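Peer 1: Below is one structure. I have some questions about it.
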Amino acid sequence: MPDNALNLAGFNEDTAENILENRRRFLKLFPNESGAWSLAGCWQVHGSDVRLIHNRAEAKPAEDARGDTIYCDAIVSNASGVLAGVKTADCVPILIGDPVHSAFAAIHAGWRGTLAEVATKALQRMTAAYNTNPRDVRLAVGPAAGSCCYEVGTDVIDPFKSKFPHQQLFRETRAGHACINLLEANRAQLISAGVAPERINIAPLCTMCRTDLFFSYRREKNTQGKVGRLMSVIGRKTSG
Ligand SMILES: [Zn+2]
74 MPDNALNLAG FNEDTAENIL ENRRRFLKLF PNESGAWSLA GCWQVHGSDV RLIHNRAEAK
134 PAEDARGDTI YCDAIVSNAS GVLAGVKTAD CVPILIGDPV HSAFAAIHAG WRGTLAEVAT
194 KALQRMTAAY NTNPRDVRLA VGPAAGSCCY EVGTDVIDPF KSKFPHQQLF RETRAGHACI
254 NLLEANRAQL ISAGVAPERI NIAPLCTMCR TDLFFSYRRE KNTQGKVGRL MSVIGRKTSG
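Residue 74 is where the sequence shown starts when you use my numbering, and the numbers rise one by one after that.
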């Protein structure tokens, strides 16, 4: 992990003091006149469980949100003052906003989560809890490992080919290996769930190419021993 970088998670790889100070600086980017943000996160496990945050009390004050004990990979809420956050370093961070019902979601989709349809499940949870119509939502997909760099083996290729028979997700590299386009897999999933393609915005930057800007687990873990985490957040300002 580069020193002097804005690491926002990973308490086993960086000091709590450093992470919490970085979070304070990060959250200053999102002014919220009527009060501090409460950060809703979870202990991410590459699954597809969705956690619903009903109110600010269920999230944690941003300065204190460290030892998440709820295991999930997506946060859904409509509570004001809550920032739903996901931590990534190569996996795909997906933010969903429903401007009609003021509901939102933050999703962590690595290859396992993508196969488990975590983004679709979060969207369905928004519909069940807040009446979200997929046609209304806007999506922001943050920096992740791109198809330029993200090489996987047959353990990943085979299940993806059967899950996405109509998508061209792979570029062959060497025997039994290919680079995967995880962003496209998630995009395709969300479009078939009813999201309008023109409302999906994907950051065009690869975390593995741009370690000058982002943390990359795959690039940095071997060379540096530890890796920082990016955080993507979405929320509603406190009303009033
Ligand atoms: Zn790349």
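Glycine included, C-beta positions come from ideal geometry on N, C-alpha and C. This structure is a prediction, so every number in the text was calculated from the model and none was measured.
Which class does E40 belong to by DSSP, given the choice of helix, strand or coil?
Peer 2: Nothing in the structure corresponds to residue 40, since the chain is present only between 74 and 313.
Peer 1: Let me check one thing: in DSSP terms, what residues is T161 bridge-paired to?
Peer 2: The partner list for T161 (beta bridge, DSSP) reads L303.
Peer 1: Do G219 and ligand 1 come close, with the Cβ less than 7 Å from some heavy atom?
Peer 2: Yes, the beta carbon of G219 sits closer than 7 Å to at least one heavy atom of ligand 1.
Peer 1: With DSSP collapsed to three states, give me the class of V210.
Peer 2: Residue state, collapsed to three classes: coil.
Peer 1: Could you tell me the distance, in whole angstroms, from the CA atom of Y144 to the CA atom of Q197?
Peer 2: Each residue's alpha carbon lies about 19 Å from the other.
Peer 1: Flag C164 as yes when its Cβ comes closer than 7 Å to any non-hydrogen atom of ligand 1, and as no otherwise.
Peer 2: For ligand 1, not one heavy atom lies less than 7 Å from the Cβ of C164.
Peer 1: Considering only DSSP beta bridges, list what A176 is partnered with.
Peer 2: Note: A176 sits in a beta bridge opposite D171.
Peer 1: Please name the residue in G219, C222 and E245 whose C-alpha comes closest to that of D231.
Peer 2: It is E245.
Peer 1: Is DSSP giving S265 helix, strand or coil here?
Peer 2: Three-state DSSP puts S265 in a helix.
Peer 1: Contact between the segment 239-253 and the segment 217-227 is defined here as three or more beta-carbon pairs at a separation below 8 Å; is this criterion met?
Peer 2: These segments touch.
Peer 1: Would you grab the beta carbon distance between L263 and L212 for me? Rounded to a whole angstrom, and I think it's under 8 Å.
Peer 2: Yes, they are in contact, since the Cβ atoms of L263 and L212 sit about 6 Å apart, within 8 Å.
Peer 1: What residue range does the alpha helix (DSSP H) around I230 cover?
Peer 2: Looking at the DSSP string, the run of the alpha helix (DSSP H) that includes I230 is T227 to K236.
Peer 1: Compare the Cα-Cα distances from I180 to each of V173, E131, T193 and D171 and report the closest residue.
Peer 2: Ranking V173, E131, T193 and D171 by Cα distance to I180 puts T193 first.
Peer 1: Could you check whether the segment 91-102 touches the segment 162-178, counting it as contact only if at least three pairs of C-beta atoms, one from each stretch, sit closer than 8 Å?
Peer 2: Contact fails: fewer than three Cβ-Cβ distances are below 8 Å.
Peer 1: Which residues does DSSP pair with A152 in a beta bridge?
Peer 2: Note: A152 sits in no beta bridge, so no partner.
Peer 1: In angstroms with no decimal places, state the Cα-to-Cα distance between E86 and V300.
Peer 2: Rounded to whole angstroms, E86 to V300 spans 7 Å at the Cα level.
Peer 1: Please confirm whether N128 and H174 have their CB atoms less than 8 Å apart.
Peer 2: Going by C-beta atoms, N128 is not nearer than 8 Å to H174.
Peer 1: Are there any heavy atoms of ligand 1 lying less than 7 Å away from the beta-carbon of C115, as far as the coordinates show?
Peer 2: Flag unset: Cβ of C115 not near ligand 1.
Peer 1: Terminal residues of the continuous alpha helix (DSSP H) containing I273?
Peer 2: Where I273 is concerned, there is no enclosing alpha helix (DSSP H), although the beta strand (DSSP E) it sits in stretches over I273 to I275.
Peer 1: Please state whether the Cβ-Cβ distance between A113 and S150 is less than 8 Å.
Peer 2: Yes.
Peer 1: So, with DSSP's three-state summary, where would you put A147?
Peer 2: Looking at A147 - three-state DSSP - the assignment turns out to be strand.
Peer 1: Given that a residue counts as buried once 16 or more other Cβ atoms are within 10 Å of its Cβ, and exposed if not, what is G226?
Peer 2: Under this definition G226 is an exposed residue.
Peer 1: Nearest-angstrom Cα distance between L79 and V268?
Peer 2: About 32 Å.
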